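Residue numbers (numbering that gives the first Met the number 0), protein chains in the order written: chain L, 0 to 216; chain W, 0 to 805.
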Amino acid sequence: MSESLLEIELSGESLYLLPQKAVYRPSLKQLILSDVHLGKGTHFRKQGLPLPHSSHLKDIDTLHFLFDKWEPMTVLILGDLFHSDYNKEWLWFKSLLLQYPYIQFILIEGNHDILEDEHYALKNLFKTERLEDEHFIFSHHPTNENQKINFCGHIHPGVRIEGTAKQSEKLPCFYFCKQQFILPAFGYLTGLQILKPEAGARCFLVAGVTVVELKKY
Amino acid sequence: MDIPAKWFKQKKWKAFPFQKKTWQAMSENKSGLLNSPTGSGKTYALWFGVLHNYYKKFKRPPKQKQLHCLWITPLRALSKEILLATQQVSKDLELDYTIALRTGDTSVTERAKQRKKSPNALITTPESIHILLASKEYDKFFSGLEFIIVDEWHELMGSKRGVQIELALSRLKALNPELKIWGISATIGNLEEAKDILLGKKGSESSIIKADLDKQISIETIYPDVIEKFSWVGHLGIQLLPKIIPIVEASNSTLIFVNVRSQAEIWYQKLLEAAPHLAGRIAVHHGSLSENIRKWVEDNLHEGNLKAVVCTSSLDLGVDFRSVDTVIQVGSSKGIARFIQRAGRSGHYPGALSRSYFVPTNSLEIIEGSALKAAIADHLVEQRIPYVRSFDVLVQYLVTLAVSNGFPAEEIFKEVKGTHCFESITQEEFTWCLQFITNGGTSLKAYSDYHKVVVENGIYKVTNKSIAMRHRLSIGTIVSDSMMSVKFMGGKKIGVVEEWFISQLKPGDSFWFGGKNLEVVSVKDMEVRVRSSKKKTGKAPAFLGGRLPLSSQLSQSIRLQLNDFKNNDIHYEELRQLAPLLDLQQKVSHLPGKDELLIEQFKTRDGYHTFVYPFEGRFVHEGMAAILAYRIGLLEPFTFSIGMNDYGFELLSDKPLNMEMVIDNNLFSPEFLYDDALKSMNAIEMAKRRFRDIATIAGLVFTGYPGKQKKTRHLQASAQLFFKVFEDYDKDNLLFRQAYDETLDFQLEITRMQTAFKRISVQKIIITNPNKPTPFSFPILVDTLRERFSNEDFQTRIDKILNLVI
Numbered sequence: 000m001s002e003s004l005l006e007i008e009l010s011g012e013s014l015y016l017l018p019q020k021a022v023y024r025p026s027l028k029q030l031i032l033s034d035v036h037l038g039k040g041t042h043f044r045k046q047g048l049p050l051p052h053s054s055h056l057k058d059i060d061t062l063h064f065l066f067d068k069w070e071p072m073t074v075l076i077l078g079d080l081f082h083s084d085y086n087k088e089w090l091w092f093k094s095l096l097l098q099y100p101y102i103q104f105i106l107i108e109g110n111h112d113i114l115e116d117e118h119y120a121l122k123n124l125f126k127t128e129r130l131e132d133e134h135f136i137f138s139h140h141p142t143n144e145n146q147k148i149n150f151c152g153h154i155h156p157g158v159r160i161e162g163t164a165k166q167s168e169k170l171p172c173f174y175f176c177k178q179q180f181i182l183p184a185f186g187y188l189t190g191l192q193i194l195k196p197e198a199g200a201r202c203f204l205v206a207g208v209t210v211v212e213l214k215k216y
Numbered sequence: 000m001d002i003p004a005k006w007f008k009q010k011k012w013k014a015f016p017f018q019k020k021t022w023q024a025m026s027e028n029k030s031g032l033l034n035s036p037t038g039s040g041k042t043y044a045l046w047f048g049v050l051h052n053y054y055k056k057f058k059r060p061p062k063q064k065q066l067h068c069l070w071i072t073p074l075r076a077l078s079k080e081i082l083l084a085t086q087q088v089s090k091d092l093e094l095d096y097t098i099a100l101r102t103g104d105t106s107v108t109e110r111a112k113q114r115k116k117s118p119n120a121l122i123t124t125p126e127s128i129h130i131l132l133a134s135k136e137y138d139k140f141f142s143g144l145e146f147i148i149v150d151e152w153h154e155l156m157g158s159k160r161g162v163q164i165e166l167a168l169s170r171l172k173a174l175n176p177e178l179k180i181w182g183i184s185a186t187i188g189n190l191e192e193a194k195d196i197l198l199g200k201k202g203s204e205s206s207i208i209k210a211d212l213d214k215q216i217s218i219e220t221i222y223p224d225v226i227e228k229f230s231w232v233g234h235l236g237i238q239l240l241p242k243i244i245p246i247v248e249a250s251n252s253t254l255i256f257v258n259v260r261s262q263a264e265i266w267y268q269k270l271l272e273a274a275p276h277l278a279g280r281i282a283v284h285h286g287s288l289s290e291n292i293r294k295w296v297e298d299n300l301h302e303g304n305l306k307a308v309v310c311t312s313s314l315d316l317g318v319d320f321r322s323v324d325t326v327i328q329v330g331s332s333k334g335i336a337r338f339i340q341r342a343g344r345s346g347h348y349p350g351a352l353s354r355s356y357f358v359p360t361n362s363l364e365i366i367e368g369s370a371l372k373a374a375i376a377d378h379l380v381e382q383r384i385p386y387v388r389s390f391d392v393l394v395q396y397l398v399t400l401a402v403s404n405g406f407p408a409e410e411i412f413k414e415v416k417g418t419h420c421f422e423s424i425t426q427e428e429f430t431w432c433l434q435f436i437t438n439g440g441t442s443l444k445a446y447s448d449y450h451k452v453v454v455e456n457g458i459y460k461v462t463n464k465s466i467a468m469r470h471r472l473s474i475g476t477i478v479s480d481s482m483m484s485v486k487f488m489g490g491k492k493i494g495v496v497e498e499w500f501i502s503q504l505k506p507g508d509s510f511w512f513g514g515k516n517l518e519v520v521s522v523k524d525m526e527v528r529v530r531s532s533k534k535k536t537g538k539a540p541a542f543l544g545g546r547l548p549l550s551s552q553l554s555q556s557i558r559l560q561l562n563d564f565k566n567n568d569i570h571y572e573e574l575r576q577l578a579p580l581l582d583l584q585q586k587v588s589h590l591p592g593k594d595e596l597l598i599e600q601f602k603t604r605d606g607y608h609t610f611v612y613p614f615e616g617r618f619v620h621e622g623m624a625a626i627l628a629y630r631i632g633l634l635e636p637f638t639f640s641i642g643m644n645d646y647g648f649e650l651l652s653d654k655p656l657n658m659e660m661v662i663d664n665n666l667f668s669p670e671f672l673y674d675d676a677l678k679s680m681n682a683i684e685m686a687k688r689r690f691r692d693i694a695t696i697a698g699l700v701f702t703g704y705p706g707k708q709k710k711t712r713h714l715q716a717s718a719q720l721f722f723k724v725f726e727d728y729d730k731d732n733l734l735f736r737q738a739y740d741e742t743l744d745f746q747l748e749i750t751r752m753q754t755a756f757k758r759i760s761v762q763k764i765i766i767t768n769p770n771k772p773t774p775f776s777f778p779i780l781v782d783t784l785r786e787r788f789s790n791e792d793f794q795t796r797i798d799k800i801l802n803l804v805i
C-alpha cells in the first residue's frame, strides 16, 4: 500500500492526518505535532542508560521530510519538544530552525519543556503556554474549556485493535472525544498509552504508512 | 571429645554415616556436594564440619572476630531456619561462635553493626552477597572467610541467581584461594554437572556425598464422584475442596500447595467458607505477603498450632515443620522433582513416611497422578539446566565491583572466564561489556556524554554518587512487575501487590489478600492503604506466573500412561477413573498411542482450528507451533494465532489449513530446526519478552523498590523501547543477542524440541475431523493467553485487521 493521509473536517476546517503522526492544516499552511521528546537519548546516556547515539536523528529526518513536503508557514508543537535538562541534542533543533528561517515555530509549553529561557531565545521560535485561534484552542495537557475544540498532546494515545484468529496489534492514534483532539506522540523514543475508546469518540489510527479511522470498537 | 560427638551425645542422637563422611571430608579441607533430601539432617552434616574447622584453628578465641562462614540459601524462610538451628548448637555447647542473618529484610542499622563487628557466620542470599561486594573494602570483610555453603544449590542453579553465585565465588576464591565450597542439593538428573559448576574445574579434590536415605512417599489422587461432571478446563481445583476437609481434619498439620498466589488466596477463602470451624487454625502463605505475616504463619506451623496452610512455592524448600504430616498438591506439579520436594514437606524427619495427595483441577489432569506414581517408581527425575553467557548478570556484576573498590580488567576477566557460565566468553565479548559500562557500547562511536563507569589508572570505577546509589538498589536477578506496598491505615504492612492489579481498583473496592478481605482506602506513591472489609466478595489479585511448562520426564510418563490405557495395560487407579473421558476422546476423535501423533481439525466461529498433541510441555509447544507456522508460511501466506497447554498446541487461522500439504512437505522434520526457530522467533517476539528481564538486570530499566520508588526525573523508559532502538541501531549488542539465545534455550527449550521433532518424524500421524471440541482440544481452545505468528508483513497484517474494524 502506498503512503496516504486521511482528510477530516473539524469546526469547518479541513485537516490532513499524516502517517508521520502530525496534522497539516492547509487553510493556514500550518503543521501541528506534539511530544517530540528530543534529547531523550542523550539524557538517558548521561544517567548511564545507553540508548544508541544516533536514534534521535530519526525525528530530525522526519521533520525535514515534512517541512520539505508541506512547506508550512507555521509549525505548532504542542509541548514536550525537549525531554529534560539541556543537552547537545538541542543544537540539532537549533540548526533545523536555522535551515527553515521562513517557518514560524510555536512551542506550547509541556511539562517536559524545562530548558532555561535563553535556549528558547531563537529568532523564529515563539514559546507560550496556550494558543487560541478562530477555531481551536491549543495546549499541552488536555483542557476542559469546551467552547472550541482543544488540540493537545501529553497522553501519547494508542489503541489495540483485534482481528480474526485472536490477532491483535497496538497502534498510535489521533484521539477525538468531547471537544478534545489528542495527537499521537511524534517522537521515535516514545511509548504508547493504550486507551479504550469511549462511546462517541473518534479514533484515527496511524497504521504503518496510512491513517485510517477506527469504525468498530 | 570432638564437637559433633559431644553434641550428638548430649541430644542422645546417632549421627548418620553421611554426616560423619561429610565432617571427615571437611576436616581434610575438601570441597564437595552433599546430595541429600530435606529433613535428613543435612544442616548438621555441614555445620559441624564448619565448627570443627574453626575450633581446630582457634584453640583460644581470636582478638577480633572475622567472617568465617557464609551460608547461602535461596529463601528467607530457610535462612531463619538455619539461623535458629545453628544458634541452638552454639548455645547447647556454650560456644562463642556467633551467627547472624543478612537478607533483604535486614535493617540498615543491623547491617552497619555486622560490618563493624563481624559475626563468625552470615546466613544470606545470593543478592545480599552482591550487595556486600558493592560496599567499600569488601575484601577486608571477606579476608578471613574459610567456608561457603550453598544450600538448595539445585534450586539456584537453574536460575540467574546461580550465575550470581558463580560470579561471587570467582571473586571470593580469588581473595582467598583456600576457600572451601560446599553445596547441598536434592537429587537431580545432572548431579555431577551441578557439582562441577559450583566448585569449578578443581573437581578432582572434591566429592559427592550421598545421604542414601530412602524416603517413602505415598501418593493418593482425589477423584470427583462423577468424572463426566468434572470440568474439562478448571484450573483452581475448588470443585474437589469438600473432599479435602476430612483429610485436613484427620491430619495433624496439612500443607496445601497451589501453583499461584491468587489461587492460594481463593483456596484459603473457600476453605474457610466450607469449614468455618477451622477459623483461626488455617492460614495462607505466599511470597507477596509481608515478612511478619509469613513469620507468624511459619512460627505457628512450627509450634503445631495450625491445622492447614495454603501455600505456594514459598514453602517449597528446606523449612522443617515437624508437625506437618500431610501434603496436598492442587493442580499439576509440572515436574517429578517438584512433587517429591513438596511431598517431602510432610514427615520431615529421617525415616518418616511422606503422605501426599494430588488434587486434579480438571479431568484430563487426573492422568498426572498416575504419571507421577509411575515416574517415581522408575526413579525418573528432571535435570536442572544452568544459564550460560548471561551478559546481563555480568554487566551488573562489573558495575557492582566498580561501585565498591573498582577493578582492574585483566584480573577480573580471568576470574570470570573461570566460571561455568562464562567459560566460552571471548576477550572481545568481555571488552564489549567493559565498553558497554564505560561508554555505552561499541557499535557506534563512543558516547562522550555517557559516564556510568570511568577508568582511572586502569581501574574501572563508578564516581557518580547517584549512579552508585541506583545500582545498589537494583542488584538482583529476580525481575517482577512494579509492586505496591499494601498497608493498613495505621501503617502496618501486609505485603506487596502488582501495580497493575491495584490500578484496576477504586477506593471502596475490596480484594482478598493474606486471607483477609481488604477495602481500598487510598492509593498514593506506590502505597495502598486499606482497612478490613466485612464484605463477602472481593477480587483476588490475579498474579501472573505459575505458567511453568510440564517437565520432559513427566510429559514422557503421561504419554506412556495413555499408551498403557490404549493397550489395556492399566497399573494405576487414575486410568480406571479416567476411562469415560479417554473413551470419549477415542470415540469422537482418537486416543494416540506412543507411536502416534494426533492432529485434530475443525471450524468454529473463531476460524479454522488445527490441534496437535505432542505432550511436550507448553514451552516446547509454543516453539513447535511457531516453527510449523513459519514453515507453512514458506509455502503459502498465513496468519496464525497460537494457543497451547502442556499437552498440545493449536494453530488458529482465518482460512483452512491443508494438513496433507504439511505432511507431504515434511514440515515436522527435525532438520534446520535451529535456523527455522530463529527465523520464526523474530515474528512472535518472544525475545522481546525475554529482553524485559535482561534490560532490568543489566540496569537499563530502573524499577526501584516497592513503596520507595526513587524519584528519577525523566528516566522512565520501557525495555520495549530499548529493544526497538537496539534492533534499529545496535544489532550486535550482546544483551540484545542474549534475548535470542535465552529464548532458544529456555523459552523454546531447543534441545528438548529437537528430541520431540525427531520422535514425531518416526511417529504415525493420525488426523481426525471431530465435529465439536474434544476432551483434548477444549482446554486449549478456551485459553485466552495467546501468541501471534505471522509471516505476512506488518502492513498486510494490520490491513487485514483494519478491514474488520474500519
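In this text, a Cβ means the ideal position worked out from N, Cα and C, and glycines have one as well. Since this is a predicted model, take the numbers as computed values, not measurements.
- Just the Cα atoms here: how many angstroms apart are I102(L) and N438(W)? In the first sequence, the residue the question calls residue 102(L) occupies position 103. In the second sequence, the residue the question calls residue 438(W) occupies position 439. Roughly 37 Å separates the two Cα atoms.
- Message: Within 10 Å of its beta-carbon, does P705(W) have 16 or more other beta-carbons around it, so buried, or fewer, so exposed?
- Response: Residue 705(W) sits at position 706 when you count from the first residue of the second sequence. In this prediction, P705(W) has a pLDDT of 43, which is less than 50 and means its spatial position is unreliable; nothing more can be read from the coordinates.
- Please classify M483(W): is it buried, with 16 or more other beta-carbons within 10 angstroms of its beta-carbon, or exposed? Residue 483(W) sits at position 484 when you count from the first residue of the second sequence. Flag for M483(W) reads buried.
- Message: Can you list, in chain order, the residues of its chain with a C-beta nearer than 6 Å to that of G188(W)? Leave out the 5 residues immediately preceding and following it.
- Response: Here residue 188(W) refers to the residue found at position 189 of the second sequence. Once the five neighbours on either side are set aside, the close Cβ partners of G188(W) are V380, E381 and Q382.
- E635(W), DSSP secondary structure in three states: Within the second sequence, the letter at position 636 stands for residue 635(W). Looking at E635(W) - three-state DSSP - the assignment turns out to be coil, as it is neither helix nor strand.
- Determine the DSSP secondary structure at E27(W), reduced to helix, strand or coil. On the second sequence, position 28 is the one that residue 27(W) refers to. In this structure, E27(W) counts as coil in the three-state DSSP scheme.
- Query: In chain L, which residues lie with their C-beta within 8 Å of the C-beta of V394(W)?
  - Reply: In the second sequence, the residue the question calls residue 394(W) occupies position 395. Correct list: empty, because the minimum Cβ distance to chain L is about 10 Å.
- Task: Confirm, please, whether the CB-CB distance from W89(L) to G38(L) is below 8 Å.
- Result: As a working note, residue 38(L) is residue 39 in the first sequence. As a working note, residue 89(L) is residue 90 in the first sequence. Cβ distance < 8 Å, so G38(L) and W89(L) count as in contact.
- Which residues share a DSSP beta bridge with I160(L)? For the purposes of this step, residue 160(L) is taken as the residue at position 161 of the first sequence. Partner(s): E168(L).
- Item | Inter-residue Cα distance where the pair is H284(W) and Q584(W) | Working through the second sequence from its first residue, we reach residue 284(W) at position 285. Working through the second sequence from its first residue, we reach residue 584(W) at position 585. Going from the Cα of H284(W) to the Cα of Q584(W) covers about 39 Å.
- What are the complete beta strand (DSSP E) segments, minimum 3 residues, inside the region 346 to 385 of chain W? Along the length of the region 346 to 385 of chain W, whole beta strand (DSSP E) runs at least 3 residues long occupy 353 to 358, reported in chain order.
- Smallest Cα separation from S3(L): which of L9(L), K122(L), V22(L) and G11(L)? The residue you call residue 3(L) lines up with position 4 of the first sequence. When each option's Cα is compared against that of S3(L), the closest is V22(L).
- Counting along the chain, where does the beta strand (DSSP E) carrying L4(L) start and finish? Position 5 of the first sequence, counted from the start, is the residue given in the question as residue 4(L). Counting along the chain, L4(L) falls outside any beta strand (DSSP E), and DSSP gives it neither H nor E.
- At which residues does the alpha helix (DSSP H) containing T750(W) begin and terminate? On the second sequence, residue 750(W) is found 751 positions in, with the first residue counted as 1. For T750(W), the enclosing alpha helix (DSSP H) starts and ends at I749 to V761.
- Excluding the 5 residues preceding and the 5 following A200(L) in the sequence, name in chain order all residues of the same chain whose CB lies nearer than 7 Å to its CB. Taking the first sequence and counting its residues from 1, the one referred to as residue 200(L) is at position 201. Listed in chain order, the non-local C-beta contacts of A200(L) below 7 Å within the same chain comprise Y174, F175 and C176, local neighbours out to five positions each way being set aside.
- Query: Taking Cβ positions only, does P171(L) come closer than 8 Å to chain W?
  - Reply: On the first sequence, position 172 is the one that residue 171(L) refers to. P171(L) does not count as touching chain W.
- Message: In the DSSP assignment, the beta strand (DSSP E) including E455(W) goes from what residue to what residue?
- Response: If you number the second sequence from 1, residue 455(W) lands on position 456. Its beta strand (DSSP E) spans residues V453 to E455.
- Listing by chain order, which chain L residues have their CB less than 8 Å from the CB of Q825(W)? Shown here, chain W extends from 0 to 805; a query on residue 825(W) therefore has no answer.
- Item | For H134(L) and L77(L), believed in contact at Cβ under 8 Å, the rounded distance | Against the first sequence, residue 77(L) aligns to sequence position 78. Against the first sequence, residue 134(L) aligns to sequence position 135. Not a contact, Cβ separation roughly 15 Å.
- Message: Against G439(W), what residues of chain L qualify as contacts under a CB-to-CB distance less than 9 Å, listed in chain order?
- Response: What you label residue 439(W) is simply residue 440 of the second sequence in a count that begins at 1. Simply R44, G47, L48, P49, L50, P51 and H52.
- Message: According to DSSP, F777(W) sits in a beta bridge with which residue or residues?
- Response: To locate residue 777(W), count along the second sequence from 1; it is residue 778. Within the DSSP bridge table, the entry for F777(W) names no partner.
- Opening and closing residue of the beta strand (DSSP E) in which W12(W) lies: Locating residue 12(W) in the second sequence gives position 13, counting from the first residue. Unbroken run through W12(W): none, as it is neither H nor E.
- Query: Name the residues in the region 448 to 472 of chain W whose C-beta lies less than 9 Å from a C-beta of chain L; which are they?
  - Reply: Within the region 448 to 472 of chain W, D448, Y449, H450, K451, V452, V461, N463, S465, I466, R469 and H470 place their CB atoms closer than 9 Å to a CB of chain L, listed in sequence order.
- Select from H36(L), H118(L), R44(L) and T73(L) the residue whose C-alpha is nearest the C-alpha of F79(L). Here residue 79(L) is taken as the residue at index 80 of the first sequence, counted from 1. It should be pointed out that residue 79(L) corresponds to Asp in this sequence rather than to Phe. Measuring from the Cα of D79(L), the nearest candidate turns out to be H36(L).
- For E136(W), which residues from the same chain have a beta carbon less than 8 Å from its beta carbon, with the 5 sequence-adjacent residues on both sides left out? As a position in the second sequence, residue 136(W) is number 137, starting the count at 1. Excluding residues up to 5 positions away in sequence, S403 and N404 lie with their Cβ nearer than 8 Å to the Cβ of E136(W) in the same chain.
- Item | Bridge partner(s) assigned by DSSP for P407(W) | On the second sequence, position 408 is the one that residue 407(W) refers to. BP columns for P407(W) point to I458(W).
- Find the residues of chain L that neighbour F725(W), judging by a C-beta separation of less than 8 Å, and give them in chain order. Here residue 725(W) corresponds to residue number 726 of the second sequence, with the count starting at 1. Result: P51.
- Message: Quick check on DSSP: helix, strand or coil for I102(L)?
- Response: What you label residue 102(L) is simply residue 103 of the first sequence in a count that begins at 1. Reduced to three states, the DSSP call for I102(L) is coil.
- Assuming G31(W) and S169(W) form a contact by the criterion Cβ under 8 Å, report the distance between their Cβ atoms to the nearest whole angstrom. Along the second sequence, one-based indexing puts residue 31(W) at 32. Along the second sequence, one-based indexing puts residue 169(W) at 170. Rounded, the Cβ-Cβ distance is 19 Å, inconsistent with contact.
- Message: For W181(W), count the other beta carbons within 10 Å of its own beta carbon; 16 or more makes it buried, fewer makes it exposed. Which is it?
- Response: Within the second sequence, residue 181(W) is the residue found at index 182, counting from 1. Buried, because 16 or more other Cβ atoms sit within 10 Å of the Cβ of W181(W).
- Item | DSSP three-state assignment for P705(W), whether helix, strand or coil | Along the second sequence, read from residue 1 onward, the residue named residue 705(W) stands at position 706. Bear in mind that a pLDDT of 43 at P705(W), under 50, signals an unreliable position, so the number given afterwards is only what the model happens to contain. In the structure shown, P705(W) sits in coil (DSSP, three-state: anything other than H, G, I, E or B).
- Message: Taking 8 Å as the threshold (C-beta atoms), are Y607(W) and P655(W) in contact?
- Response: Here residue 655(W) corresponds to residue number 656 of the second sequence, with the count starting at 1. Here residue 607(W) corresponds to residue number 608 of the second sequence, with the count starting at 1. Contact: yes.
- Residue nearest to H118(L) in terms of C-alpha spacing, selected from E212(L), K214(L), G157(L) and K87(L): Residue mapping note: residue 118(L) aligns to position 119 of the first sequence, counting from 1. Comparing Cα-Cα distances from H118(L) to each of E212(L), K214(L), G157(L) and K87(L), the minimum goes to K87(L).
- Query: Quick one, which of L699(W), F735(W) and I598(W) has its alpha-carbon nearest K763(W)'s?
  - Reply: As a position in the second sequence, residue 763(W) is number 764, starting the count at 1. For K763(W), the nearest C-alpha among the options comes from I598(W).
- Item | Reduced DSSP category for G279(W) - H, G, I as helix; E, B as strand; rest coil | Taking the second sequence and counting its residues from 1, the one referred to as residue 279(W) is at position 280. DSSP places G279(W) in coil when its eight states are reduced to three.
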